[in-house]
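Notes follow the structure.
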Amino acid sequence: MHHLLQQIFSGLAAGAVYASLALALVMIYRATDLVNFAQGEMAMFSTYIAWMLVNAEVPFWAAFALTLVASFVGGMIIERVVIRPVENAPVLAAVVVTIGLLLIFNALAGWLFTYTLQEFPSPFPDRTLFGALMTTRDLGVIGVTLAMLVALFVFFRFTATGLAMRAAAQNPESARLCGIPVGRMLAIGWGLAAAIGAVAGIMVAPVLFLDPNMMGGVLLYAFTGALLGGITSPIGAVVGGLIVGVTENLVGAYLIASQLKLTVALALIVLVLVFRPNGLFGAAIVRRV
Amino acid sequence: MTMAKSFAIASTEQPAAAGSGALAAGAWRSTGALVLIGAAVALPFTLSNYHVFELTQVMIYAIAVLGLNILTGYNGQISLGHGGFFAAGAYTAAILMHRYGVPYWATLPPAALICFVLGVLFGLPALRFEGPYLALVTLAMAVATPQLLKYFDTWTGGQQGINLIKVQAPAFLGIGRDRWLYLVVLAVLLVAMRVAANMLHGRTGRALVAIRDHPIAAAAMGIDVARYKTLAFGTSSLFTGVAGALSAIVIGFVAPESFTLFLSLSFLVGSAVGGIATIFGAIVGGLFIEFVPNIANDISDAAPWAIYGLTMLLFMYVMPRGVVGSLAGLMQRWQPRRAAAGEGSEEQKRRLS
Amino acid sequence: MAPILELRAVKAFYGQSEVVHGIDVAVEEGGMTVLLGANGAGKTTTLRAICGMVRSEGEIAFAGQRLERRSTEAIAALGIAHVPEGRGTFTGLTVEENLRLGAYTRAGRPDAGIGRMFGYFPILGERRRQQAGSLSGGEQQMLAIARALMMSPRLLVLDEPSFGLAPRIVEDIFNIVERIRREERVSVLLVEQNASLALDLADQAYLIETGYVVMSGPAKTLADDPQIRRSYLGY
Chain A
1 MHHLLQQIFS GLAAGAVYAS LALALVMIYR ATDLVNFAQG EMAMFSTYIA
51 WMLVNAEVPF WAAFALTLVA SFVGGMIIER VVIRPVENAP VLAAVVVTIG
101 LLLIFNALAG WLFTYTLQEF PSPFPDRTLF GALMTTRDLG VIGVTLAMLV
151 ALFVFFRFTA TGLAMRAAAQ NPESARLCGI PVGRMLAIGW GLAAAIGAVA
201 GIMVAPVLFL DPNMMGGVLL YAFTGALLGG ITSPIGAVVG GLIVGVTENL
251 VGAYLIASQL KLTVALALIV LVLVFRPNGL FGAAIVRRV
Chain B
1 MTMAKSFAIA STEQPAAAGS GALAAGAWRS TGALVLIGAA VALPFTLSNY
51 HVFELTQVMI YAIAVLGLNI LTGYNGQISL GHGGFFAAGA YTAAILMHRY
101 GVPYWATLPP AALICFVLGV LFGLPALRFE GPYLALVTLA MAVATPQLLK
151 YFDTWTGGQQ GINLIKVQAP AFLGIGRDRW LYLVVLAVLL VAMRVAANML
201 HGRTGRALVA IRDHPIAAAA MGIDVARYKT LAFGTSSLFT GVAGALSAIV
251 IGFVAPESFT LFLSLSFLVG SAVGGIATIF GAIVGGLFIE FVPNIANDIS
301 DAAPWAIYGL TMLLFMYVMP RGVVGSLAGL MQRWQPRRAA AGEGSEEQKR
351 RLS
Chain C
1 MAPILELRAV KAFYGQSEVV HGIDVAVEEG GMTVLLGANG AGKTTTLRAI
51 CGMVRSEGEI AFAGQRLERR STEAIAALGI AHVPEGRGTF TGLTVEENLR
101 LGAYTRAGRP DAGIGRMFGY FPILGERRRQ QAGSLSGGEQ QMLAIARALM
151 MSPRLLVLDE PSFGLAPRIV EDIFNIVERI RREERVSVLL VEQNASLALD
201 LADQAYLIET GYVVMSGPAK TLADDPQIRR SYLGY
């Protein structure tokens, strides 16, 4: 029982990382009907920026904040420069663009920082709590993620820009008629998503060790979590991410080790989707004819 | 009626006339096709063995991408997992040749059949999924493939894979094995294109496209949506599986590392670059998959994949419908009389209003 | 009075097809102009051309500024509030959120404006925290108009406000629109298929058929015209 609770808790910590990246994916999907396959690599690149700052003796939380700002700006630039040309093109073209972006970031990181695994410091002390039930590190990750989610909720629910972004995502034409610059809202959305991804990367790097391929598996789990929750639902993204994290941990601990863990975890989630094809919280796509 | 008179009548007839004009166009097309095929057959004899091998790879990828085009382009069901079907075909051929001594050419029908069944089995649950959900399910298959291949190692040879005896060309022809295999693959490609064309330009094709664009209207018109979607999956998997079998035969080796997610994504990119709802686009896609990574390596050996990625971006910016897709679009503008259903021409509107 | 909106030789395109073939329309400042015509005549396309939502040629001038080649959001910021065909409400947001969005281009807090809108449309006040998508057709139309007015526009553009609504509700809405026009001193450009009601309220009217203006003048004149009475007024 104790072991089960341990696994669940560390699964929640991993799930918090998946949930963050899943939230980024959902934000972009709601705004543009596009799955950003490059979200993980962008997060990885942001984490390298944080790593460089920390290595340059910048205090951790200052480096954290600077990285978030840089990622936000970077995300906005990517939307305006890389994604805008295919905004009105067939969706497949945009998908290929994000795949290309994935390759570019991965290769750039490999070239600039080499493929050697790097250590990344955790800002939280390395202790166990409640009789080895959980670690302070895991608790820290969950705490940071929670804080970020609250901040996002406040932004979208209570600020004018947040409202405008929600409007632009739901109904771009009506938003324009209200004078809302939809293009700029899209850019801000991508900026926020990039910043969220950076948080995910920074939280997971101490555990996975930093290298250009660090986020590949994370992206896969995040994508799964986002869909499990319903690709149009931010709450779904968080819940889905957490469920995937816990499932992955439990499968690895009790069912099958290493190699097939990913396959089995995915299979389980696909099974859920068979019964709920739009995810747990996703709205069924109602088509008017 | 003399030829001259029928030509004259054809040129003054309004849009739908399929007079002698179309006949002449058909004759041009057949001659052109024969010339191209002849050139393709002659080509390997002018090139080095290595280049012939590369072109054979191009054609194998083209067949695989053609399978994807049928499913994702014409029928609108996205697949990020076609590497899995490719692997299924490859390993079927490899196991038949290695364990049961089946001659290479006899592995193609079983590979085709097995992959067709696999595709249908996959297509049935896939009926419940749309858009990004289907993408995830197929992605899961792509990710699972190398892991499953390593796991069932008694059959698949596990991590080490299966080494195959190199195929030899028939002695009486006196050509090398590379050239022989090129011609074999070329024959399969031509058959595949012909079969695809027959299917896609007829009733089946129209049903598939109707399902892609307006599934509800299609069902209302009596099209059995479930049957067509499942068959599309099966057919698509058949094509890609046959390509996989050919790949095993040509390379002489299969291993799980060759069938990763990256392969599936490459097929998708090749599809998009060529033109997702075209047949000839598959060849362009094959060329892209085979050659652009090498060219990228020449440009920068520090970060070749960055160049590859950049090339993808540039293709999508300039030709978002793919090379063949964009060309088809251009041709429609120049030949308004053959314009597909959509906005009517100025003339038609004036006559109707 | 100078026209606040003037269209000169405006052509508008729906994709590749030219749907509006060089029309002249003017809206007097403080007045109400109505565009009449059957389905497919090009009325909605004209409105969309004004707001930069479709490709157009010709001159479009608003309060002395040229509108061609401006983005839709820039045109909105100049003071044109467009209530599109089908209302265009944000169905996933609440009534109050919809109204707040209307005030996006205006500085300061929108609360006073929202209060005023609830004055014109009390039913919206009752439903302020409800999701807009759950409102009835008439209520959504009121919400759409209220949202447009939150912008304090100089020109209100209404595309078929009566569409799909019961006659009693239509009358209510038109009465409110007329009251708003007087009290807020907004100019109104109206597209309507419901000719009799529109001609009652409007100052100027244009009859559009297959992309051409075939008749124009004071609304009273068109209302008395025998051909219009036969074709559009039913008597």
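Residue numbers (the working numbering), protein chains in the order written: chain A, 1 to 289; chain B, 1 to 353; chain C, 1 to 235.
Positions of the beta carbon are idealized from the N, C-alpha and C atoms, including for glycine.
Subject >> Within chain A, the residues that C/Leu67 reaches when beta carbons sit closer than 9 angstroms >> reply: Along the third sequence, one-based indexing puts residue 67 of chain C at 67. Against C/Leu67, chain A offers no close residue; the least beta-carbon distance is about 14 angstroms (beta-carbon pairs closer than 9 angstroms).
Subject >> chain A contact for C/Gly15 (CB, 9 angstroms cutoff) >> reply: As a working note, residue 15 of chain C is residue 15 in the third sequence. So no, C/Gly15 is outside the interface.
Subject >> Chain-ordered neighbours of C/His82 on chain A, where CB pairs are closer than 7 angstroms >> reply: Locating residue 82 of chain C in the third sequence gives position 82, counting from the first residue. By Cβ distance, chain A contributes Leu177.
Original post:
Roughly how many whole angstroms lie between the Cα atoms of B/Ala243 and B/Ile63?
Top reply: Here residue 243 of chain B is taken as the residue at index 243 of the second sequence, counted from 1. Here residue 63 of chain B is taken as the residue at index 63 of the second sequence, counted from 1. Between B/Ala243 and B/Ile63, the C-alpha separation is close to 6 angstroms.
Subject >> Counted within 10 angstroms of its Cβ, other Cβ atoms place A/Asp138 as buried (16 or more) or exposed >> reply: Your numbering for residue 138 of chain A matches position 138 in the first sequence. By the Cβ neighbour-count rule, A/Asp138 is buried, with 16 or more other Cβ atoms within 10 Å of its own.
Original post:
Going by DSSP, which residues form a beta bridge with A/Met214?
Top reply: As a working note, residue 214 of chain A is residue 214 in the first sequence. When DSSP reads this structure, A/Met214 sits in no beta bridge, so it has no partner.
Original post:
Taking Cβ positions, are A/Leu146 and A/Ala16 nearer each other than 9 angstroms?
Top reply: Stepping through the first sequence from its first residue, residue 146 of chain A is reached at position 146. Stepping through the first sequence from its first residue, residue 16 of chain A is reached at position 16. A contact, by the Cβ cut-off of 9 angstroms.
Original post:
List, in order along the chain, the chain A residues whose C-beta lies closer than 7 angstroms to that of C/Glu97?
Top reply: Here residue 97 of chain C refers to the residue found at position 97 of the third sequence. What C/Glu97 touches in chain A: Leu163.
**OP:** For my contact list, B/Gln159 and B/Pro44 are in at a C-beta cut-off of 8 angstroms; report their separation, rounded to the angstrom.
**Re:** Stepping through the second sequence from its first residue, residue 159 of chain B is reached at position 159. Stepping through the second sequence from its first residue, residue 44 of chain B is reached at position 44. Actually they are not in contact, since the Cβ atoms of B/Gln159 and B/Pro44 sit about 34 angstroms apart, beyond 8 angstroms.
Subject >> Closest Cα partner of A/Ala31 within the set A/Met52, A/Ile188, A/Arg276 and A/Ala132 >> reply: In the first sequence, the residue the question calls residue 31 of chain A occupies position 31. Answer by Cα proximity: A/Ile188.
**OP:** Inspect the beta-carbon positions of A/Ile179 and A/Ser71 and report whether they are closer than 9 angstroms.
**Re:** Residue 179 of chain A sits at position 179 when you count from the first residue of the first sequence. Residue 71 of chain A sits at position 71 when you count from the first residue of the first sequence. Ile is not the amino acid found at residue 179 of chain A; the sequence shown has Gly there. Between A/Gly179 and A/Ser71, the CB-CB gap reaches or exceeds 9 angstroms.
Subject >> A/Gly245 versus A/Val97: straight-line alpha-carbon distance, rounded >> reply: The residue labelled residue 245 of chain A in the question sits at position 245 within the first sequence. The residue labelled residue 97 of chain A in the question sits at position 97 within the first sequence. About 29 angstroms.
Subject >> Per-residue burial, B/Leu71 [other beta carbons within 10 Å of its own, 16 or more giving buried] >> reply: Here residue 71 of chain B corresponds to residue number 71 of the second sequence, with the count starting at 1. B/Leu71 is buried by the Cβ-count criterion.
Original post:
Got a sec, what are the start and stop residues for the beta strand (DSSP E) C/Gly217 sits in?
Top reply: Taking the first residue of the third sequence as position 1, residue 217 of chain C is located at position 217. Element bounds for C/Gly217: Tyr212 to Pro218.
**OP:** Grab me the residues of B/Asp213's own chain with a C-beta within less than 8 angstroms of its C-beta, minus the 5 sequence neighbours each way, in chain order.
**Re:** Counted from its first residue, the second sequence places residue 213 of chain B at position 213. Gly76, listed in sequence order.
Original post:
If the cut is a Cβ gap below 8 angstroms, which residues of chain C does A/Ile180 touch?
Top reply: For the purposes of this step, residue 180 of chain A is identified with residue 180 of the first sequence, where counting begins at 1. Residues of chain C passing the Cβ test: Glu73, Leu101 and Tyr104.
Original post:
How many whole angstroms separate the CB atoms of A/Arg166 and A/Phe156, which I take to be in contact at a CB cut-off of 8 angstroms?
Top reply: Numbered from 1 along the first sequence, position 166 holds the residue referred to as residue 166 of chain A. Numbered from 1 along the first sequence, position 156 holds the residue referred to as residue 156 of chain A. Going by Cβ atoms, the distance from A/Arg166 to A/Phe156 rounds to 6 angstroms, so yes, they are a contact pair.
**OP:** For chain A, find out if any of its Cβ atoms is closer than 9 angstroms to the Cβ of B/Ile276; answer yes or no.
**Re:** Position 276 of the second sequence holds residue 276 of chain B. Interface flag for B/Ile276 against chain A is set, since a Cβ pair is found closer than 9 angstroms.
**OP:** Please report how far the alpha carbon of B/Lys166 lies from the alpha carbon of B/Val65, in whole angstroms.
**Re:** To locate residue 166 of chain B, count along the second sequence from 1; it is residue 166. To locate residue 65 of chain B, count along the second sequence from 1; it is residue 65. Those two C-alpha atoms are separated by around 26 angstroms.
Original post:
Between the C-alpha atoms of A/Gly11 and A/Leu250, what's the straight-line distance to the nearest angstrom?
Top reply: By one-based count along the first sequence, residue 11 of chain A stands at place 11. By one-based count along the first sequence, residue 250 of chain A stands at place 250. Taken atom to atom, the span from the alpha-carbon of A/Gly11 to that of A/Leu250 is near 8 angstroms.
Original post:
How many angstroms separate the CA atom of B/Ala302 from the CA atom of B/Leu265?
Top reply: The residue given as residue 302 of chain B occupies position 302 in the second sequence. The residue given as residue 265 of chain B occupies position 265 in the second sequence. Straight through space, the alpha carbons of B/Leu265 and B/Ala302 are spaced by roughly 22 angstroms.
**OP:** Select from the segment 220-231 of chain A all residues with a C-beta closer than 8 angstroms to any C-beta belonging to chain B, and list them in chain order.
**Re:** When C-beta distances to chain B are compared with 8 angstroms, the residues of the segment 220-231 of chain A below that value are Leu220, Phe223, Thr224, Leu227 and Ile231, in chain order.
**OP:** With a threshold of 8 angstroms, establish whether the CB of A/Glu87 neighbours any heavy atom of the ligand NAD.
**Re:** Annotation note on the ligand NAD: not contained in the displayed structure, which lists no ligands.
Original post:
For the segment 116-144 of chain A, which residues have a CB atom closer than 9 angstroms to at least one CB atom of chain C, in sequence order?
Top reply: When CB distances to chain C are screened at a threshold of 9 angstroms, not a single residue of the segment 116-144 of chain A falls below it.
Subject >> Extent of the continuous beta strand (DSSP E) run through B/Ile279 >> reply: Your numbering for residue 279 of chain B matches position 279 in the second sequence. Taken as a continuous stretch (DSSP letters only), B/Ile279 belongs to no beta strand (DSSP E), as it is neither H nor E.
Subject >> Straight-line gap, A/Pro59 to A/Met44 (C-alpha atoms, nearest Å) >> reply: Taking the first residue of the first sequence as 1, we reach residue 59 of chain A at position 59. Taking the first residue of the first sequence as 1, we reach residue 44 of chain A at position 44. Answer to the nearest angstrom: the Cα atoms are 20 angstroms apart.
Original post:
In terms of alpha-carbon separation, which member of A/Val144, A/Asn171 and A/Val272 lies closest to A/Ala65?
Top reply: Here residue 65 of chain A refers to the residue found at position 65 of the first sequence. Of the listed residues, the one whose Cα sits closest to A/Ala65 is A/Val144.
Subject >> Residue of A/Gly201, A/Arg127 and A/Tyr48 minimising C-alpha distance to A/Thr114 >> reply: Taking the first sequence and counting its residues from 1, the one referred to as residue 114 of chain A is at position 114. Minimum Cα distance to A/Thr114 is reached at A/Tyr48.
Original post:
Distance, Cα to Cα, B/Leu134 vs A/Val274?
Top reply: Walking along the second sequence from the start, residue 134 of chain B turns up at place 134. Walking along the first sequence from the start, residue 274 of chain A turns up at place 274. Spanning the two alpha carbons is a distance of roughly 11 angstroms.
Original post:
Just curious, the beta strand (DSSP E) that C/Val20 is in, first and last residue?
Top reply: Here the question's residue 20 of chain C lines up with position 20 in the third sequence. First-last of the beta strand (DSSP E) with C/Val20: Ser17 to Glu28.
**OP:** Could you tell me the distance, in whole angstroms, from the CA atom of C/Met142 to the CA atom of C/Phe90?
**Re:** Here residue 142 of chain C corresponds to residue number 142 of the third sequence, with the count starting at 1. Here residue 90 of chain C corresponds to residue number 90 of the third sequence, with the count starting at 1. Taking the straight line from one Cα to the other gives about 13 angstroms.
Subject >> Buried versus exposed, by CB contacts within 10 Å (16 or more), B/Pro103 >> reply: Taking the second sequence and counting its residues from 1, one reaches residue 103 of chain B at position 103. The Cβ neighbour count for B/Pro103, taken over all protein chains shown within 10 Å, is under 16; the residue is labelled exposed.
Subject >> Closer than 9 angstroms at the beta carbon, the chain C residues around A/Ala31 >> reply: In the first sequence, the residue the question calls residue 31 of chain A occupies position 31. Ordered by position in chain C, no residue passes the 9 angstroms Cβ test against A/Ala31, which lies about 13 angstroms from the chain.
Subject >> Status (buried if at least 16 other CB within 10 Å, exposed otherwise) for B/Leu313 >> reply: Translated into positions along the second sequence, residue 313 of chain B becomes position 313. B/Leu313 comes out buried.
Original post:
How is the alpha helix (DSSP H) around B/Lys229 delimited, first residue to last?
Top reply: By one-based count along the second sequence, residue 229 of chain B stands at place 229. Start and end: Val225 to Ile251.
**OP:** Using alpha carbons as the reference points, say which of C/Ile208, C/Leu158, C/Leu165 and C/Leu233 lies closest to C/Ser187.
**Re:** In the third sequence, the residue the question calls residue 187 of chain C occupies position 187. The shortest C-alpha separation from C/Ser187 is found at C/Leu158.
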